[in-house]
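For the protein sequence lines, the chains are Z and P, in the order given. Using numbering that gives the first Met the number 0, read the first sequence as starting at 0 and increasing by one per residue. Using numbering that gives the first Met the number 0, read the second sequence as starting at 0 and increasing by one per residue. The beta carbon of each residue, even a glycine, is placed where N, CA and C say it ideally should be. The model shown is predicted, which means the values in this text are computed figures rather than measured ones.
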Amino acid sequence: MTSGYAIVAVLVVALGTILVGTYGLRVSRTTSDFYVASRTVSPWWNASAIGGEYLSAASFVGIAGLIFAYGPDMLWFPVGYTAGYLVLLTMVAAPLRRSGAYTLPDFAEARFRSRVVRAVASILALAIGWLYLLPQLEGAGLTLNTVTGAPDWVGALIVTVVVTANVMSGGMRSITFVQAFQYWLKLTAITVPIMFLVVVWQVHGAESLTKAEFPHFPHDTEVKFHKDTAIHVEQSIFIKGSGRIDDTHIENTGLVLTSGNHRIGLGSEFTFPQGAPVPHLSTMGHNTNAMWALPESGGEKFPLYGAYSLIIATFLGTMGLPHVIVRFYTNPNGTAARRTTLIVLGLLSVFYLMPPIYGALGRLYTPELLMTGQTDAVVLVLPTRMIDGIGGQLLGALVAGGAFAAFLSTSSGLVVSLAGVLSQDVLRLGGVRGFRISTVLAGIVPLAMTFVSSGMPVADMVGLAFAVAASSLCPLLMLGIWSTRITTVGAIAGMLAGGVPALTAGLVTMFTATGDSWYTVLLSRPAAWTVPLGFAVMYVVSLLTQRHVPPGVQRTMVKLHAPENLGLDGSGPSSSSSDERS
Amino acid sequence: MTTPPPQNDPAQRGRAPKPTQRVVVTSPRTRAPRARRPYSGTREINEQSELGAVYMRTLIRAQRRLGLSVMLVVCASLGVLPLLFSIEPDLGKARVLGLGLPWFLLCVATFPMLLLAGWFYVRQAERSEREFAELVERP
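Below, the structure written as C-alpha cells:
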C-alpha cells in the first residue's frame, strides 16, 4: 500500500520531532538541564510525557497484530502494560522519587551504598534498554516497508539518526515536550481512524466478527511476499501471478495451489480470488473466526503457562524499565509522583481501548496478513483497505505518522536513559560532552542488533524486555524499598539469579530458531520461573548474610518513606551529597 | 507572640504603677513556611532514637500493607481469569453487551477497575502520610 500521503506523514513527524528538539536546544544550557529538565515539569506534562514515552511500537502496532493473529489471549498485553503502572504506583512510585535517584543504578547505590550493586544494576539496565530498543527499530523498519516498500533497515536507520541527533542537541527538557506532544499525537492517530473504520464496518452491514467460518479474501487480493514464507493451504485455490512456489517458477500464469504445505519464495506476487479461504503461516493455528474469539485458541503448547508468564512479566516489568524510572525524578516530590502515575493510568486506559478493535476488524478486511506473517502491519494496512480513495489514504497516513511517533518517542526516552547510565557508569565521562558520546553509543548498538535478529513479532520482543526487568530490577526495587533485611550480597545474587536466565532465554529466542521443542515456551515466556527465582534468591541470600546489611539502612528508609515537608531528610547533614549529582 | 517587654522593665518595677501601656500583639503568618522548630517526633526520627524508629516502622508498615493489599486484590481478581477460562471453556462463549465475555472483561471492564484502585490507593496513602505528619509534629 505505497502511498504518497503516508510518506509525507512520516516525514512530518520526523521533522517535527527535530524542530521541537532544536527549540529545546535554545532553552537547555546546563548539565542539569540536560539530564532532568531541572525538575520543573508539572504532573500533567509529566504524565503525558510518560504516556508518550511508554506507548511504544509494541503498543501501537504490535498488540493489534498479535490479537489479530492469536485472539483474546493477547489482550493480556494491553491489560498488563496498564496494570504494570498500578503495581508501580502502589509499590514504588513515591519511595522511588524520594530516593532522589535519576537512574536505576542511582537507586541501587542510594539504597545499598555499594558500587558493586550499582554496577550490576547498570549492566542490567543497559541490557533491558537495548532489548527494548531493538523492537522499536524493527517496528520502524516494518512501517516504512509497508508504506513505501523501502528495505527494512531504512526505517531503523532513520529512527536511530533522528533520535540520536535530537537527544544530543536538546537533552531531556526538549524530550519532555516532545514526549508529551507525542502522547496526544499517538492517541489522535489511533483513535480518529478507528472511529471512521467502525462506521464503515457498520455501513457495510456490520458483518459478525466471530462467524463460524475461516477467514476468506473479501475480494480479489494481490499479495506480495517480502520473504520466504512457509504456508499451509486448507483447500485448493486457483491463483495467478509470478513467483516461486515450492520448486516451480511461474511467470504471469495461473496455478492451482493444492491443499497442504507450500513454500513461497521471496518477491513472489500472486492474486488470490475473492471468497477463497486464506492460507496461513504453517507455524500458526488454523481457526475459524468463532474459535479465534475464544481464549486459549492461539495454538500455543501450554496456553495457561504462557498467559501467566505474560501477566507476571508485564505487571512487574514496568517498574524496571530504565526510561520509565527517569520520569519519576522530574516530579517535585513523592506525592506528585503518585498523582502523576494515577494520571498515566488514565491516559493508558484510553489508548488501549483501540488496538483490539483494529485486530478484530483485521480478521474481516486484511486476512492475507495471516499468510504473509506481517501481522504487525494490520494497523497500518486496515484504513486503506477499508476505505477507498483519498479518505482511506489520509487515514492511513495518520496511522503511519502515529506509528512513527511511537518509535521515535520510545526510542528517545530509552536513548536518554541509556546515555545517562553509559556516561555515568560505563564510560565515566562527565558533562555535556560525555552525554553526547554516550548517546551515539546507546543508539548504534541496537541498530547493529537489528541486522542479526530473527524477526519475531515486536510485541513478543518487548515482552522479553519486560521479563528481564521483572526478574532482576523489580526484586531490587520491591525488596529494597520495603524490607530492611536485604543485604548487598543478597541484592547482587538476586539480580543475577533472575536476570541472567531471563536475558539468556530472551537472546536465545530472538537470535536462534528453537522450533517446536517442549521448552520453547519456557524460553519465549521466561517470567513465570525467573521472577520467583529472582525474588527468592534475593531474600534467602539476604537472610543468610545478615552481617552485610548496608550501613545506615534506617536513615535510608526514612528518606524513602517520610513525606518531604517534615524536615526529615533521613541522613542529616551528610545526605546532601546525593543531591549534587543533578 | 507578644513583643518582648522593654529592656528597662525590671528597673521600673519598684516605682509607682505606670499608666496604661500599649502592647503590640501579632499573630504568626500562617502561609509562611513552617519554622523548623525541633518538634519532638521529628527530632526523635532525625536522632535515630528507639521512638523514632517506632514512628518510622509504623508508617512503613501502614504503607506496605496498603500498597500490597490494593495490588494483591487487583492482581488476584485479574489473575484468576485465565484459570477460569481454562477450567470452564464455556465461560469464554458467554456474551456481555454483544461482546464475548473475555473480550468484555479484558478490553472494557479492566481499565475502570484499575483506575478506581489507583485512585483509592492515592487517597489512602496521602491520608496515612497526613496522619504520620500530625503524629511526629505534635510537640
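- The alpha-carbon separation between residue 120 (chain Z) and residue 319 (chain Z) amounts to approximately 10 angstroms.
- Between residue 505 (chain Z) and residue 532 (chain Z), the gap from beta carbon to beta carbon reaches 8 angstroms or more.
- In the DSSP assignment, the residues bridged to residue 237 (chain Z) are Z:255.
- In the three-state reduction of the DSSP assignment, residue 98 (chain P) falls in the strand class, which pools E and B.
- Judged by DSSP secondary structure, residue 558 (chain Z) falls within the alpha helix (DSSP H) whose first and last residues are 552-560.
- Annotation: the continuous beta strand (DSSP E) that includes residue 268 (chain Z) extends over 268-271.
- The C-beta of residue 424 (chain Z) has 16 or more other C-beta atoms within 10 Å across all chains shown, which makes the residue buried.
- Under the three-state reduction of DSSP, residue 276 (chain Z) is assigned to strand.
- Per the coordinates, the alpha-carbon of residue 51 (chain Z) lies some 10 angstroms from the alpha-carbon of residue 44 (chain Z).
- Nearest CB-CB separation between residue 127 (chain P) and chain Z: not below the 8 angstroms threshold.
- When DSSP states are grouped into helix, strand and coil, residue 316 (chain Z) belongs to the helix group.
- The three-state secondary structure of residue 63 (chain P), taken from DSSP, is helix.
- Counting only Cβ-Cβ distances below 7 angstroms, residue 97 (chain P) has no contacts in chain Z at all, with the closest Cβ about 10 angstroms away.
- Looking from the CA of residue 499 (chain Z), the closest CA among Z:520, Z:464, Z:197 and Z:546 belongs to Z:464.
- Counting the other CB atoms within 10 Å of its CB gives residue 97 (chain Z) a total of 16 or more, which places it among the buried residues.
- DSSP places residue 78 (chain Z) inside the alpha helix (DSSP H), whose first and last residues are 75-90.
- Per DSSP, the unbroken alpha helix (DSSP H) holding residue 322 (chain Z) starts and ends at 321-328.
- Within the segment 101-114 of chain P, 101, 102, 105, 106, 109, 110, 113 and 114 place their CB atoms closer than 7 angstroms to a CB of chain Z, listed in sequence order.
- Cβ-Cβ distances below 7 angstroms link residue 46 (chain Z) to 339, 342, 343 and 346 in the same chain, with the five nearest sequence neighbours on each side left out; the list follows chain order.
- Against chain Z, the CB of residue 63 (chain P) has a partner CB under 8 angstroms away; the residue lies at that interface.
- Around the Cβ of residue 291 (chain Z), a 10 Å sphere holds 16 or more other Cβ atoms; the residue is buried.
- Contact between residue 314 (chain Z) and residue 86 (chain Z) is confirmed by a C-beta separation of about 5 angstroms, below the 8 angstroms threshold.
- Excluding sequence positions up to five before and after residue 445 (chain Z), its CB lies within less than 7 angstroms of the CB of 129, 132, 133 and 136, all in the same chain and listed in chain order.
- Rounded to whole angstroms, residue 179 (chain Z) and residue 41 (chain Z) show a C-alpha spacing of 11 angstroms.
- Secondary structure note for residue 536 (chain Z): its alpha helix (DSSP H) is the uninterrupted segment 526-543.
- Along the segment 74-94 of chain P, the positions whose C-beta sits under 8 angstroms from a C-beta of chain Z are 74, 77, 78, 81, 82, 84, 85, 88, 91 and 92, read in chain order.
- A direct Cα-Cα distance of roughly 13 angstroms separates residue 9 (chain Z) from residue 181 (chain Z).
- Under the three-pair Cβ rule at 8 angstroms, the segment 193-200 of chain Z does not count as touching the segment 242-251 of chain Z.
- Annotation for residue 133 (chain P): the continuous alpha helix (DSSP H) segment containing it runs 109-136.
- Annotated three-state conformation of residue 228 (chain Z) is strand, per DSSP.
- Closer than 8 angstroms to the CB of residue 285 (chain Z) there is not a single CB belonging to chain P.
- Within chain Z, the residues placing a beta-carbon under 8 angstroms from that of residue 58 (chain P) are 560 and 561, ordered along the chain.
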